[in-house]
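Numbering (the working numbering), first residue to last: -18 to 261.
Using N, Cα and C, we set each Cβ at its ideal position, and we do this for glycine too.
This report concerns only the one structure given below.
What follows is the structure, encoded as structure tokens:
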């Protein structure tokens, strides 16, 4: 936690705004509680959850270069199921525990060996900092360990990319049978909203209760404690065995929620609310 004097300085700066917008009610409440604890003033606080532009995202996902990458991934994966994650290599994104959960799935549920592939995209982040370089290296190392432990001549359990490759990510979105989003804490996490919009056959969403998107998506997701590797492994199994009709229904509702407030409308709604506040 930040020292009290720094928190006060940050809060005073925020309280100078006419209106403060947060992605979730939880973050808005945390701000209000913190301001109250420090005896600081109040300002207008509102919740504006950011969504995705479904039409634009689908257009991007069906470009020829994405089709080509998708074809190459399908050659590697074959007819196996896919667990997909796309993150920056931020420590908060919890990629290592996600990989440990996948390893536990293959250990405790051997029926999934040679029947599933984990597609992981870990975009480099803050590589000027040693801690982040080490984390990126640890992700690659753990993926290699899993491949050595379980892989065969015909099956590589984890296909990990630590490059900034949006084309690959979109191709993975389209392939996703399961989306894994397990941050220890974040503000929103648009990946949890993007994958259900693009997945071709529908995907089951395994979602951390600490993701900002949890507030909107939890009813149609398989919710996990991001620190609980065993619970996450079990949720992956449940997601992989989910009946196609249930998976399709959940995906439809997830996509509808995800696209309910696309960026342009999200921004205009805040401007309108600010204007209405000024007219009072």
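Check                                                                                                    : Outcome
Range covered by the alpha helix (DSSP H) that runs through residue 263                                  : Nothing in the structure corresponds to residue 263, since the chain is present only between -18 and 261.
Contact set for residue 89: own chain, Cβ-Cβ below 6 Å, skip 5 residues either direction                 : none
Complete beta strand (DSSP E) runs within the stretch 34 to 105 (minimum length 3 residues, chain order) : 62 to 69, 97 to 104
For residue 192, three-class secondary structure by DSSP                                                 : coil
For residue 249, three-class secondary structure by DSSP                                                 : helix
From 29, 236, 156, residue whose alpha carbon lies closest to that of residue 55                         : 156
Residue 160, enclosing alpha helix (DSSP H) - first and last residue                                     : Residue 160 -> not in any alpha helix (DSSP H); beta strand (DSSP E) instead, spanning 159 to 162.
Bounding residues of the beta strand (DSSP E) (the contiguous stretch that carries residue 25)           : 25 to 28
Residue 241 in three-state terms, based on DSSP                                                          : coil
Per DSSP, cross-strand counterpart(s) of residue 185                                                     : 159
For residue 142: DSSP bridge partner residues                                                            : 102
Exposure label - residue 305; buried when at least 16 CB within 10 Å                                     : Outside the displayed span of the chain (-18 to 261) sits residue 305, for which this structure offers no information.
Whole-angstrom C-beta distance between residue 78 and residue 213, which should lie under 8 Å            : 7 Å
Coil, strand or helix - residue 204 by DSSP                                                              : strand
Continuous alpha helix (DSSP H) stretch holding residue 14: start and end                                : 6 to 18
Assumed close pair residue 41, residue 21 - CB separation to whole angstroms, cut-off 8 Å                : 43 Å between Cβ atoms; not a contact.
Selected residue, minimal CA-CA separation from residue 36, among 258, 45, 236                           : 236
Sequence-distant residues of its chain with Cβ nearer than 7 Å to residue 149 (five each side left out)  : 50, 102, 142
Rounded separation between residue 59 and residue -2 - CA only                                           : 54 Å
Three-state secondary structure assigned by DSSP to residue 137                                          : coil
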